[in-house]
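Trainee: This is the structure, below, for whatever I ask next.
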Amino acid sequence: MFNQVAWVWIAFAAYNLLLVGLGIYLYRLYRDEDLSEYVLAGRKLGLIPTALSAYASGTSGWGLVGITGMAYVTGLPMLWYATGGILWSYATFFLIGRRLRVLSGELDSLTLTDFFCKRFDDKNNILRVAVTVICLVFMIGYVASQMSAAGKAFLGFLDIGYVQGTIFSATVVIFYTFLSGFRGVAYTDVVQGGFLLIGLVALTMLGFVHCDGLSGLVGSISAQDSSLLTVTGGRALGPLLGFVFSWFASGAMGFGNPHVATRVMAIDDDLKLRNAGLLTVTCNVTAIYTGVWLGLIGRAVFPTIPDPELVFPMLAVKFAPPFVVGLFIVDPNVKTQFLRI
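Sequential numbering from 31 applies to the sequence shown in the numbering used here.
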């Protein structure tokens, strides 16, 4: 047991040292550049960093503990949220993406707040104050939820106190974010997003094998609650419409997330947005739908757990090698918020 825990700690420490080292390296490399480099990577972000960073920042801690936890509780009805979130991420790139990239560049806007003020000639700063207040109110809550996800990851993976895990994660994220700026955030998102995507798929496959395939999974869950295996969740038409609307609408927040929209603003060529959008949507489809299946697999493997949001860490500990488990304790998407608020 000691050796397993030691490997988890080694992987976790190595990952965090990588983040800190990257932050220091990028700081030394770009410290003489202007504010545009710090806030938007000088608008020179490549296609793959743009796409994977948009996916990772949009999914974030919600993809690590939220989706799987909700699917554990509600079952297949979580597909309504998944569908809504995917459609809205598509809209960010294909409906407003190119226009936002071109206009923000022409107006020399580094943030969405700055873009709105210049776009609508906000001479009295009324719009600036309104947008700033909106970002503060909602992004502070969002940051808090991501730190909560970090705390639960520590609790589930390493059995470390929730508060201690949250504080440690925040310290590391703040350090390398303020050193390396947006470019460091995007590059770490590539590593983080790619690893989580592979991990979600691998854990899902291992989970199906453990449950003796789809038929075994269905049989196990049916014995507990068959409504978990229907897209209605056993709801009548009225409650179902309310359920679908609420979850579909919650996915709409992706359309206005400043930390996703700024990826569009940072890409080096607006003509690359189509391919970047296709890659982002593909990653989102894979991550969200595997997250739903992992929630169901978790229900079959762990019929009762104290906190449904711990189901992903518990599955990782059960199926993955200790070193890989340590890499799963990745930082949530708080870093971009520090550059937006």
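Just so it is clear, CB atoms sit at the ideal spot from N, CA and C, and this is done for glycine as well.
Spell out a yes or no on whether the region 72 to 86 and the region 290 to 306 are touching, meaning 3 or more CB-CB pairs, one atom from each, closer than 8 Å.
Mentor: yes
Trainee: For residue 267, does the three-state DSSP call read helix, strand or coil?
Mentor: helix
Trainee: Have a look at 164, 318 and 101 and flag the residue whose alpha-carbon is nearest the alpha-carbon of residue 229.
Mentor: 318
Trainee: Confirm, please, whether the CB-CB distance from residue 233 to residue 43 is below 8 Å.
Mentor: no
Trainee: Suppose the cutoff is 7 Å on Cβ atoms and the five residues either side in sequence are ignored; what does the same chain contact list for residue 332 look like?
Mentor: 341 and 344
Trainee: Can you grab the Cα-Cα spacing for the pair residue 35 / residue 94, in whole Å?
Mentor: Rounded to the nearest angstrom, the two C-alpha atoms are 20 Å apart.
Trainee: Three-state secondary structure (DSSP) at residue 126?
Mentor: coil
Trainee: Could I get the ranges of all uninterrupted beta strand (DSSP E) runs contained in the region 56 to 104, with 3 residues as the minimum, in chain order?
Mentor: none
Trainee: Enumerate in chain order the residues of its own chain whose CB-to-CB distance from residue 274 is below 7 Å, with the five nearest sequence positions on each side excluded.
Mentor: Result list for residue 274: 110, in chain order.
Trainee: Which one of 352, 66, 306 and 244 has the shortest CA to CA distance from residue 139?
Mentor: 66
Trainee: Would you report the Cα separation of residue 210 and residue 81, rounded to the nearest angstrom?
Mentor: 19 Å
Trainee: I'd like the span of the alpha helix (DSSP H) that includes residue 320, first residue to last.
Mentor: 303 to 331
Trainee: When the distance is taken between beta carbons, is residue 313 closer than 8 Å to residue 237?
Mentor: no
Trainee: Assuming residue 112 and residue 322 form a contact by the criterion Cβ under 8 Å, report the distance between their Cβ atoms to the nearest whole angstrom.
Mentor: 6 Å
Trainee: For residue 370, is the classification buried or exposed, using 16 other Cβ atoms within 10 angstroms of its Cβ as the cut-off for buried?
Mentor: Reliability of the predicted coordinates at residue 370 is poor, the pLDDT of 48 falling under 50, and no value is obtained from them.
Trainee: In the DSSP output, what is residue 297 paired with across the bridge?
Mentor: 75
Trainee: Note down the Cα distance separating residue 348 from residue 128, rounded to an integer number of angstroms.
Mentor: 44 Å
Trainee: Under 8 Å between the Cβ atoms of residue 49 and residue 202?
Mentor: yes
Trainee: Return the CA-CA distance between residue 346 and residue 271, expressed in angstroms with no decimal places.
Mentor: 34 Å
Trainee: Please classify residue 335: does DSSP put it in a helix, a strand, or coil?
Mentor: If DSSP states are grouped into helix, strand and coil, residue 335 belongs with coil.
Trainee: Over the uninterrupted alpha helix (DSSP H) stretch that includes residue 147, give me the two end residues.
Mentor: According to the DSSP assignment, residue 147 belongs to the alpha helix (DSSP H) that extends over 142 to 149.
Trainee: Are residue 56 and residue 243 close, meaning C-beta to C-beta below 8 Å?
Mentor: no
Trainee: Kindly list the residues whose CB is nearer than 7 Å to the CB of residue 259, restricted to its own chain and excluding five residues on each side of it in sequence; keep chain order.
Mentor: 105, 106, 248, 251 and 252
Trainee: Among residues of its own chain, excluding the 5 on either side of residue 102, which ones have a beta-carbon nearer than 6 Å to its beta-carbon?
Mentor: 325, 328, 329, 338 and 341.
Trainee: Leaving out five residues on either side along the sequence, give the residues of the same chain with a beta carbon under 6 Å from the beta carbon of residue 220.
Mentor: 79 and 82
Trainee: What do you get for residue 58, buried or exposed, if any count of 16 or more other CB atoms within 10 angstroms of its CB means buried?
Mentor: Flag for residue 58 reads exposed.
Trainee: So, does the region 159 to 174 touch the region 134 to 149, judging by three or more C-beta pairs under 8 Å?
Mentor: Between the region 159 to 174 and the region 134 to 149, the count of C-beta pairs closer than 8 Å reaches three or more; the two stretches touch.
Trainee: What do you reckon, are the CB atoms on residue 143 and residue 227 nearer than 8 Å?
Mentor: no
Trainee: Using three-state DSSP, classify residue 250 as helix, strand or coil.
Mentor: helix
Trainee: Pop quiz: residue 286 and residue 120 are said to be a contact at Cβ under 8 Å. What is the actual Cβ separation, rounded to whole angstroms?
Mentor: About 14 Å separates the two Cβ atoms, so there is no contact after all.
Trainee: Got a sec, what are the start and stop residues for the alpha helix (DSSP H) residue 345 sits in?
Mentor: 341 to 349
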